[in-house]
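J.: Would you mind keeping the following structure in view while I ask a few things?
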Amino acid sequence: MRVLVTGASGQLGTDVVDALEGRIPIGGAATALLGGSQVAPGEFEVTSITHADLAVEDQGAVGRAVAAAEPEVVVHLAAYTAVDRAETERELAWSVNATGTSNVAAAAIAAGAHLVYVSTDYVFDGTKRSAYLETDRTGPRSVYGETKLGGERACPPDATIARVSWVAGFHGRNIVRLAVDRALRGEPMRFVDDQRGCPSFAADLAAGLVTLVRARLAGIVHLTNAGSTTWFELVRAVVVAAGGDPESVSAITTSQLDPQPLAPRPENSVLQPGRLLADGYDLLPAWEDAMHRLVAAFVEGSLRDD
Ligand SMILES: NC(=O)c1ccc[n+]([C@@H]2O[C@H](COP(=O)([O-])OP(=O)(O)OC[C@H]3O[C@@H](n4cnc5c(N)ncnc54)[C@H](OP(=O)(O)O)[C@@H]3O)[C@@H](O)[C@H]2O)c1
659 MRVLVTGASG QLGTDVVDAL EGRIPIGGAA TALLGGSQVA PGEFEVTSIT
709 HADLAVEDQG AVGRAVAAAE PEVVVHLAAY TAVDRAETER ELAWSVNATG
759 TSNVAAAAIA AGAHLVYVST DYVFDGTKRS AYLETDRTGP RSVYGETKLG
809 GERACPPDAT IARVSWVAGF HGRNIVRLAV DRALRGEPMR FVDDQRGCPS
859 FAADLAAGLV TLVRARLAGI VHLTNAGSTT WFELVRAVVV AAGGDPESVS
909 AITTSQLDPQ PLAPRPENSV LQPGRLLADG YDLLPAWEDA MHRLVAAFVE
959 GSLRDD
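Numbering (the numbering used here), first residue to last: 659 to 964.
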């Protein structure tokens, strides 16, 4: 199957390309995930598109690149992901996340390809007291969330919209890497304990996305590692896994953050995988399991660097 991936050198994109090409991403589980079988050699012929190749807001460049690759599936990961900066770069965020997605969708339709668009938990306002289902009303609180919802609305009805959340992978700057670095230096940390979500690990999401590429499901799918937590609890668990002192992490509330972040975050953005359960898929492993694999990879990497 010919698959074109945008955002291919990003945190998630690097692992998605590895998974499609049959390599287990760093921190990935060797076993098949989400009911998918392992990738056979040559099962996918991958065209990787990075920001250096083209800007997704350039309609002509997107059209030419997609037409040349003749993909059967397009996995669209390229995005403006700076959540706080988006509050002051509203136009750029809209043009990358909404117009860019509209360009990718139009090019996929012209090529007869199925679109898999990766979206976010930040499309929700966070006021629900229980986990969000795919069918729940959206109401983003930030420009980033609004623009990613704009991207969802630019997708054709038969596209797969995979909402993921709190992503950390080996190839990105993320909270797990930051917490491991600080734990190894013995530095104290303060994290908020009043925002709850589902941590998701790029290697596991990549395996899940391989399954979604094969399945070509139409509609919205919530895709995360199983279980939920707060940023404080996540960081404390990472510090323990890295051999650090859990007492070095203290809990604060969002209102105690100084300076206050520019973009408001949802208090609760736990995603319920209603669609995957209804369709009989196995779910991704618990976040603790994936977190231990990623922390081990970071610790091993930093010991090698020393
Ligand atoms: N990280 C999270 O916690 C999270 C949570 C929910 C959903 N998501 C979604 O998951 C997807 C992957 O995110 P990620 O964590 O892998 O983020 P990432 O590392 O920032 O990857 C995004 C990629 O898009 C590229 N890009 C940015 N602007 C572009 C443009 N105008 N044209 C073409 N490419 C462009 C970036 O390239 P440069 O860096 O070279 O600009 C980068 O390689 C995104 O759609 C994001 O919205 C992420």
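Backbone N, C-alpha and C define an ideal beta-carbon position, used for all residues, glycine too.
Predicted, not measured: the structure shown is a model, and the values here were computed from it.
Does the distance between the C-beta of V714 and the nearest non-hydrogen atom of ligand 1 fall short of 7 angstroms?
T.: Answer for V714: yes, Cβ within range of ligand 1.
J.: Find the nearest neighbour of T672 within the set T705, P699, G700 and S695, judged by alpha-carbon distance.
T.: When only C-alpha atoms are compared, the closest one is T705.
J.: Among the residues of its own chain, which have a CB less than 6 angstroms from the CB of R933, if the five just before and after it don't count?
T.: Closer than 6 angstroms at Cβ, skipping near neighbours: E792 and V879.
J.: Using DSSP's beta-bridge definition, name the partner residues of I910.
T.: Paired residues: V850.
J.: Among V774, H950 and R660, which residue has its Cα nearest to the Cα of N883?
T.: It is H950 whose Cα lies nearest to the Cα of N883.
J.: Helix or strand or just coil, what does DSSP make of G855?
T.: Note: G855 maps to strand in three-state DSSP.
J.: Pull up the DSSP beta-bridge partners for E703, would you.
T.: According to DSSP, which records beta bridges pairwise, E703 is partnered with R660.
J.: So, under 8 angstroms CB-CB, L662 and V732 are touching, yes? Tell me the CB distance rounded to an integer number of Å.
T.: Going by Cβ atoms, the distance from L662 to V732 rounds to 5 angstroms, so yes, they are a contact pair.
J.: Quick check on the burial criterion: 16 or more other C-beta atoms within 10 angstroms. Buried or exposed for Q669?
T.: With 16 or more other Cβ atoms within 10 Å, it is buried.
J.: Starting from T778, trace the beta strand (DSSP E) in both directions and tell me its first and last residue.
T.: T778 -> beta strand (DSSP E) spans H772 to T778.
J.: Indicate whether L920 and D742 have their beta-carbon atoms separated by less than 8 angstroms.
T.: Yes, these two residues count as a Cβ contact at 8 angstroms.
J.: Identify, in the order they occur along the chain, each residue of the same chain with its Cβ nearer than 6 angstroms to the Cβ of D805, setting aside the five sequence neighbours on each side.
T.: The identity of residue 805 in the sequence shown is Thr, whereas the question assumes Asp. The answer, listed in chain order, is A751, W752, N755 and A756.
J.: Give the DSSP-derived three-state secondary structure of Y790 in the structure shown.
T.: If DSSP states are grouped into helix, strand and coil, Y790 belongs with the strands.
J.: Rounded to whole angstroms, what is the Cα-Cα separation between P924 and A860?
T.: Each residue's alpha carbon lies about 21 angstroms from the other.
J.: Ignoring anything shorter than 4 residues or poking outside the segment 905-957, list the alpha helix (DSSP H) runs there in chain order.
T.: You should have 932-936.
J.: Ordered along the chain, which non-local residues of its own chain (more than five positions away) have a Cβ less than 8 angstroms from that of P798?
T.: Correct list, in chain order: Y780, V781, F782, D783, E804, K806 and L807.
J.: With a threshold of 7 angstroms, establish whether the CB of Q930 neighbours any heavy atom of ligand 1.
T.: Because no heavy atom of ligand 1 lies under 7 angstroms away, the Cβ of Q930 does not count as near it: no.
J.: DSSP three-state call for V741: helix, strand or coil?
T.: The answer is coil: DSSP assigns V741 none of H, G, I, E or B.
J.: Identify which residue in R872, W889, V893 and A864 has its Cα closest to the Cα of A687.
T.: Closest option to A687, Cα to Cα, is A864.
J.: Between the Cα of A666 and those of D711, G770 and V897, spot the shortest distance and give me the residue it belongs to.
T.: If we check each option's Cα against that of A666, D711 comes out closest.
J.: Answer with buried or exposed for L942, where buried requires no fewer than 16 other C-beta atoms within 10 angstroms of its C-beta.
T.: It counts as buried.
J.: Would the beta-carbon of S908 fall within 8 angstroms of that of G844?
T.: Contact: no.
J.: Counting C-beta neighbours from all protein chains within 10 Å, is the total for P815 16 or more, i.e. buried, or is it exposed?
T.: Exposed, because fewer than 16 other Cβ atoms sit within 10 Å of the Cβ of P815.
J.: Taking 8 angstroms as the cut-off, decide whether the C-beta atoms of P846 and L881 are in contact.
T.: No, they are not a contact pair.
J.: Let me check you understand the geometry: is the CB of W752 closer than 7 angstroms to at least one non-hydrogen atom of ligand 1?
T.: Not under cutoff, so the answer is no.
J.: Name the residue from A817, T785 and V776 whose alpha carbon lies nearest to the alpha carbon of G770.
T.: When each option's Cα is compared against that of G770, the closest is A817.
J.: Between which two residues does the alpha helix (DSSP H) carrying T708 extend?
T.: T708 -> no alpha helix (DSSP H), and no H or E assigned at all.
J.: What is the DSSP secondary structure of T805, reduced to helix, strand or coil?
T.: Correct three-state label for T805: helix.
J.: What three-state label does DSSP hand V871 in the structure shown?
T.: Of the three classes helix, strand and coil, the one that applies to V871 here is helix, per DSSP.
J.: Taking only the alpha-carbon atoms, compute the straight-line gap between T746 and Y738 and give it to the nearest angstrom.
T.: Rounded to whole angstroms, T746 to Y738 spans 13 angstroms at the Cα level.
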